[in-house]
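Peer 1:
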Amino acid sequence: MPHRNWKAWAAVAVGIVAVLAVAGALILPRLLAGPTAAPGPTPSAAGTSPATASPSGASTRPTPTVTPSAAGAPPTSSAPARGPSTTASPPAGRPAQILASMSLEQRVGQIIMVSSPAAGPDAAALDAMRRLHIGNVFLKGRSTAGVGAVAAVVRGIRAEATDAGTRRVGQFIATDQEGGQVQVLRGPGFSDMPTALAQGGMAPAALRAAAAGWGRELAAAGVNVNFAPVMDTVPSAAFAPQNTPIGHFQREFGYTPAAVSAHGIAFAQGMADAGLIAVPKHFPGLGRVTANTDTASGVTDTVTGRHDPFVAPFADAVEAGTPWMMLSNASYPAIDPRHDAVFSPTVIGGMLRGDLGFRGIVVSDDLCDAVQLSGVAPEQRGADFLAAGGTLALCTDQQLAPRIWAGIVARAKADPAFASTVDAAALAVLGAKDRAGLLPR
Numbered sequence: 220m221p222h223r224n225w226k227a228w229a230a231v232a233v234g235i236v237a238v239l240a241v242a243g244a245l246i247l248p249r250l251l252a253g254p255t256a257a258p259g260p261t262p263s264a265a266g267t268s269p270a271t272a273s274p275s276g277a278s279t280r281p282t283p284t285v286t287p288s289a290a291g292a293p294p295t296s297s298a299p300a301r302g303p304s305t306t307a308s309p310p311a312g313r314p315a316q317i318l319a320s321m322s323l324e325q326r327v328g329q330i331i332m333v334s335s336p337a338a339g340p341d342a343a344a345l346d347a348m349r350r351l352h353i354g355n356v357f358l359k360g361r362s363t364a365g366v367g368a369v370a371a372v373v374r375g376i377r378a379e380a381t382d383a384g385t386r387r388v389g390q391f392i393a394t395d396q397e398g399g400q401v402q403v404l405r406g407p408g409f410s411d412m413p414t415a416l417a418q419g420g421m422a423p424a425a426l427r428a429a430a431a432g433w434g435r436e437l438a439a440a441g442v443n444v445n446f447a448p449v450m451d452t453v454p455s456a457a458f459a460p461q462n463t464p465i466g467h468f469q470r471e472f473g474y475t476p477a478a479v480s481a482h483g484i485a486f487a488q489g490m491a492d493a494g495l496i497a498v499p500k501h502f503p504g505l506g507r508v509t510a511n512t513d514t515a516s517g518v519t520d521t522v523t524g525r526h527d528p529f530v531a532p533f534a535d536a537v538e539a540g541t542p543w544m545m546l547s548n549a550s551y552p553a554i555d556p557r558h559d560a561v562f563s564p565t566v567i568g569g570m571l572r573g574d575l576g577f578r579g580i581v582v583s584d585d586l587c588d589a590v591q592l593s594g595v596a597p598e599q600r601g602a603d604f605l606a607a608g609g610t611l612a613l614c615t616d617q618q619l620a621p622r623i624w625a626g627i628v629a630r631a632k633a634d635p636a637f638a639s640t641v642d643a644a645a646l647a648v649l650g651a652k653d654r655a656g657l658l659p660r
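Residue numbers (my numbering): 220 to 660.
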């Protein structure tokens with residue numbers, strides 16, 4: 220057969236094979252699959268999961284917002300479950316990823332704030348950061364060394380968060396910088412801040428501008444959280460000297476809830492303008508007590524109720540967008556006759572989260588040195604605070620911090636439900652740190 224004819228027959232053969240292959244691809248799957256069901260409507264993606272309810276309880280009247288760059292509202296995603304996952308995929312986002320990489324001990328470290336002398340950490344503070352992985356620090360005491368010296372101290376503290384022990388998660392560095400007698404940091408670069416009572420005599424706009432300046436001083440020193448403003452309402456100037464924790468030191472902005480709201484929010488806005496987190500305190504209010512929970516036990520407010528007018532400044536702060544709130548350690552029997560506020564599900568969950576609609580970081584007042592809490596073992600204090608709905612446990616005695624930490628770890632190991640509570644709190648703190656630029660990238 221001539222060569223030209225062989226090529227022609229080969230081309231015809233290839234064509235026939237190709238036709239048969241296409242026909243088989245189209246017909247054979249239909250024969251194997253059997254009858255085809257009639258087409259139906261395609262489910263909407265929006266209907267595949269329940270909608271998330273919006274926060275309730277906050278008033279809708281317009282109020283200026285407090286929105287610092289480091290806002291601390293917790294993310295809405297749930298903490299990862301312990302044990303095998305039952306979901307199609309893990310929660311998205313850097314905070315959830317870091318949480319999943321942490322041991323229980325490291326997670327507990329993220330939901331505690333330990334004190335350190337403002338002049339520099341001592342051995343106990345360093346041990347808490349290194350061995351216990353505690354990831355937040357409160358500068359306590361007094362320093363007159365100025366901004367530069369404090370900045371050097373903070374740089375040293377931040378260096379403790381650069382290894383795998385804390386997953387290289389940065390710290391919240393806090394202090395008390397209210398003004399008057401309650402001003403931890405002084406010296407070159409820090410203004411002498413007037414008392415809150417004097418601040419209450421300023422126009423709110425002027426106070427906001429002044430607070431922004433004070434906030435920039437703190438930011439220059441490396442501080443990113445200020446446990447202020449005090450939003451407790453003292454009922455009158457005549458009662459103020461008897462009100463040991465607040466009025467005695469002129470820590471109040473005024474003697475009506477309206478005055479406290481206007482000036483407390485202005486102070487918080489100024490701090491937010493400087494990039495700091497301002498923390499209103501002490502919910503639901505210390506203005507009516509006579510003794511100080513730091514130095515006395517049995518401190519009780521028999522007057523304040525769940526919907527008391529003196530709660531209004533805190534409600535206004537929530538409405539203005541405050542990302543954190545600090546609790547009082549006092550007892551409020553008209554609200555919860557069984558628990559001090561810091562251990563009260565009614566105060567935290569019912570009032571603050573429910574009535575006020577707060578979705579941010581709930582930080583305790585001091586759980587370690589407070590005489591008010593001396594009847595409760597330190598191992599129980601942090602765990603009880605978290606179980607009641609708290610987020611971040613403050614311990615201003617670094618010597619006692621290991622007991623707070625150990626109590627939370629032990630309860631989490633014994634109680635899976637409490638372990639989930641720890642996870643949720645740690646995720647909220649990591650979410651706040653993500654917004655503050657404190658997570659590793």
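Note that the Cβ used here is the ideal one computed from N, Cα and C, for glycine as well.
Checking the sheet assignment: what are the DSSP bridge partners for N662?
Peer 2: Since the first and last residues shown for the chain are 220 and 660, residue 662 lies out of range.
Peer 1: Just reading off the beta strand (DSSP E) that L613 is part of, what are its end residues?
Peer 2: A612 to C614
Peer 1: Enumerated in chain order, which unbroken segments of the alpha helix (DSSP H) with a length of 4 residues or greater are wholly contained in the stretch 474 to 543?
Peer 2: Every unbroken stretch of the alpha helix (DSSP H) spanning 4 or more residues and falling wholly within the stretch 474 to 543 is given here in chain order: 476 to 492 and 531 to 538.
Peer 1: So, for P281: in the same chain, excluding its five sequence neighbours on each side, which residues have a beta-carbon less than 8 Å away from its beta-carbon?
Peer 2: Interpretation of P281 is limited by its pLDDT of 35, a score under 50 that renders its predicted location unreliable; no figure is taken from the coordinates.
Peer 1: In its own chain, which residues sit with a C-beta less than 6 Å from the C-beta of D513, not counting the 5 before and 5 after it?
Peer 2: A589
Peer 1: Would you identify the three-state DSSP class for I580, choosing helix, strand or coil?
Peer 2: strand
Peer 1: Could you tell me the alpha carbon to alpha carbon distance between F533 and V582, rounded to whole angstroms?
Peer 2: 14 Å
Peer 1: Buried or exposed: G266, going by 16 or more other Cβ atoms within 10 Å of its Cβ?
Peer 2: Annotation note: pLDDT 31 at G266 (below 50); position unreliable, coordinate value reported separately. In summary, G266 is exposed, with fewer than 16 beta-carbon neighbours lying within 10 Å of its beta-carbon over all protein chains present.
Peer 1: Use the C-beta contact count for D341: other C-beta atoms within 10 angstroms, 16 or more gives buried, fewer gives exposed.
Peer 2: exposed
Peer 1: Is W624 near L351, with beta carbons less than 7 Å apart?
Peer 2: yes
Peer 1: How far does the alpha helix (DSSP H) with E397 in it reach, from first residue to last?
Peer 2: Premise fails: E397 lies in the beta strand (DSSP E), Q396 to G398, not in any alpha helix (DSSP H).
Peer 1: Can you tell me which of the three DSSP states T640 falls into?
Peer 2: DSSP places T640 in helix when its eight states are reduced to three.
Peer 1: Per DSSP, M545 is paired with what?
Peer 2: Looking at the DSSP assignment, M545 forms a beta bridge with V582.
Peer 1: Who are N445's beta bridge partners in DSSP?
Peer 2: T394 and A497
Peer 1: When you compare the stretch 524 to 538 with the stretch 568 to 582, are there three or more beta-carbon pairs, one atom per stretch, that lie closer than 8 Å?
Peer 2: yes
Peer 1: Out of curiosity, what's the CA-to-CA distance linking T385 and L646?
Peer 2: Going by the C-alpha atoms only, they are around 14 Å apart.
Peer 1: Does the Cβ of S668 have 16 or more other Cβ atoms within 10 Å, making it buried, or fewer, making it exposed?
Peer 2: Limits of the chain in this structure are 220 at one end and 660 at the other, which puts residue 668 out of reach.
Peer 1: Using only the alpha-carbon positions, how far apart do G432 and V366 sit?
Peer 2: 13 Å
Peer 1: What does the alpha-carbon distance come out to for the pair S334 and V372?
Peer 2: 13 Å
Peer 1: Just checking my contact of I627 with A602 at CB under 8 Å: how many whole Å lie between their CB atoms?
Peer 2: 5 Å between Cβ atoms; contact.
Peer 1: Quick one: Cα of A407 to Cα of V442, how far?
Peer 2: For the record, residue 407 in the displayed sequence is Pro; it is not Ala. Approximately 16 Å, taken between the alpha carbons.
Peer 1: Just how far apart, CA to CA, sit L592 and N511?
Peer 2: Those two C-alpha atoms are separated by around 12 Å.
Peer 1: Do the stretch 513 to 529 and the stretch 488 to 502 make contact, defined as three or more Cβ pairs closer than 8 Å?
Peer 2: no
Peer 1: G312 to S320, Cα distance in whole Å?
Peer 2: 13 Å
Peer 1: So, is G656 buried or exposed, given that buried needs 16 or more other C-beta atoms within 10 angstroms?
Peer 2: exposed
Peer 1: I'd like the list of long-range same chain contacts for A439, defined as Cβ closer than 6 Å, with 5 residues on each side in sequence excluded.
Peer 2: Within the same chain, A439 has close Cβ partners V366.
Peer 1: Nearest-angstrom Cα distance between A487 and T475?
Peer 2: 18 Å
Peer 1: Among residues of its own chain, excluding the 5 on either side of P460, which ones have a beta-carbon nearer than 8 Å to its beta-carbon?
Peer 2: G466 and H467
Peer 1: Just tell me which of M421, F458 and I496 has its CA closest to the CA of R654.
Peer 2: Out of M421, F458 and I496, I496 has the C-alpha closest to the C-alpha of R654.
Peer 1: Assuming M348 is part of the alpha helix (DSSP H), what are its boundary residues?
Peer 2: A342 to R349
Peer 1: When we look at the beta-carbon of Q400 and count the other beta-carbons within 10 Å, is it buried (16 or more) or exposed?
Peer 2: Note on Q400: under 16 other CB atoms within 10 angstroms of its CB, so exposed under the neighbour-count rule.
Peer 1: Let me confirm a value: N382 is counted as buried when at least 16 other C-beta atoms fall within 10 Å, else exposed. Which label applies?
Peer 2: Reading the sequence as shown, one finds Asp at residue 382 and not Asn. Label assigned to D382: exposed.
Peer 1: Might you give, ordered along the chain, the residues of its own chain that have their beta carbon closer than 8 Å to the beta carbon of Q325, omitting 5 neighbours on each side?
Peer 2: The answer, listed in chain order, is H352, G384, T385 and R386.
Peer 1: Would you mind stating whether I664 and A606 have Cβ atoms separated by less than 7 Å?
Peer 2: Outside the shown range of the chain (220 to 660) lies residue 664, about which nothing can therefore be said.
Peer 1: If we ignore side chains and look at the alpha-carbon of each, how far apart do G389 and V356 end up?
Peer 2: 11 Å
Peer 1: Write down the C-beta distance between G375 and G419 rounded to the nearest angstrom, noting that I regard them as a contact closer than 8 Å.
Peer 2: Wrong, their Cβ atoms sit about 37 Å apart, outside the cutoff.
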